[in-house]
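What follows is a set of notes on a single structure, which appears directly below.
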Amino acid sequence: MVPLPAICLWLCLQLPSGLLAVQATPPPLQRPAVPAAPAAPLDTAVRETLQQYSAALESLDADQVKKIYPSIDSEKLKSAFREMRELKVAIDAIKVLSADGSTARVSCRVTQTLTPRAGTKQNNTVTRVMRLRRQEAAWLIDGFER
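According to my numbering, the sequence shown holds residues 1250 to 1395 in order.
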C-alpha cells in the first residue's frame, strides 16, 4: 500500500493540470461586425483529448486512462485509485505551445481534488506542459515535461 501523501504527489506528477472538466478559454472580444473565428482543429482536438483524460481520471478506471495516456504505469495508477473515494480534475488555461503534423506541446493548468478513502480531502493546482501525439485520427498523451 502506498501512503496517501505519496499517492497525491505521484498523481500531481502524472496528471496534467486538471480535471473536473476541460474549460475553454473564452475568445477575445470582437467588434459586432466581425464574426468569431472558428476554433482551430488542433485546439479543438487537444481540448477534446484533455476532456477525455479528465473523465477517465474521474472514473478511477486505470484502463480508461491508459487508452488516452498509453505510456502511463497502469499498475501504479490502479494502486493509487484503490486509495481514493473520489477524484475531481479540471484542466483549463490550455495553450498549444508548438505543433507539427503528428506531435504537439501543450501547457495547461490542472486542478485536482482528491478525496481519499481515509484522511482528508486534498486540493492541488499545477501548471503542466505535456506532449501529445497523433495516432490515426486521435490525439493521445505521450508524456509530461513538468
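Note that beta-carbon positions come from the ideal geometry of N, C-alpha and C, so glycine has one too.
Residues of its chain near residue i, where Cβ-Cβ distance is below 6 Å and the 5 sequence neighbours each way are ignored
i, result
"Ala-1294", "Trp-1388"
"Thr-1274", "Residue placement at Thr-1274 is poorly supported in this model, since its pLDDT is 43, which falls under 50; the coordinates still yield a value, given next. Taken in chain order, the list of residues that qualify is empty."
"Thr-1364", "Arg-1334, Glu-1335 and Lys-1370"
"Ser-1356", "Lys-1344, Leu-1346 and Val-1378"
Residue burial classification, residue i (beta-carbon count within 10 angstroms, cutoff 16)
i, result
"Met-1336", "The sequence shown places Leu at residue 1336, not Met. Counting Cβ neighbours within 10 Å, Leu-1336 comes out buried, since at least 16 surround it."
"Glu-1324", "exposed"
"Gln-1361", "buried"
"Arg-1377", "buried"
"Ala-1353", "buried"
Reference residue i; option with closest CA among the options
i, options, result
"Asn-1373", "Ile-1340, Arg-1383 and Ala-1367", "Ile-1340"
"Ser-1308", "Asp-1322, Ile-1321, Val-1338 and Ala-1353", "Val-1338"
"Ser-1351", "Arg-1380, Cys-1357 and Ala-1342", "Arg-1380"
"Leu-1291", "Gly-1392, Leu-1346 and Ile-1321", "Leu-1346"
Residues near residue i by beta carbon distance below 8 Å, same chain, minus five either side
i, result
"Ile-1317", "Thr-1298, Gln-1301, Tyr-1302, Ala-1305, Leu-1389 and Ile-1390"
"Asp-1310", "Phe-1330"
Bridge-paired residues (DSSP) for residue i
i, result
"Leu-1336", "Leu-1363"
"Ser-1356", "Lys-1344 and Val-1378"
"Phe-1393", "Met-1379"
"Gln-1371", "Leu-1363"
Cutoff 7 Å; reference residue i; Cβ partners in own chain excluding five residues on either side
i, result
"Pro-1319", "Leu-1389"
"Lys-1327", "Ala-1311"
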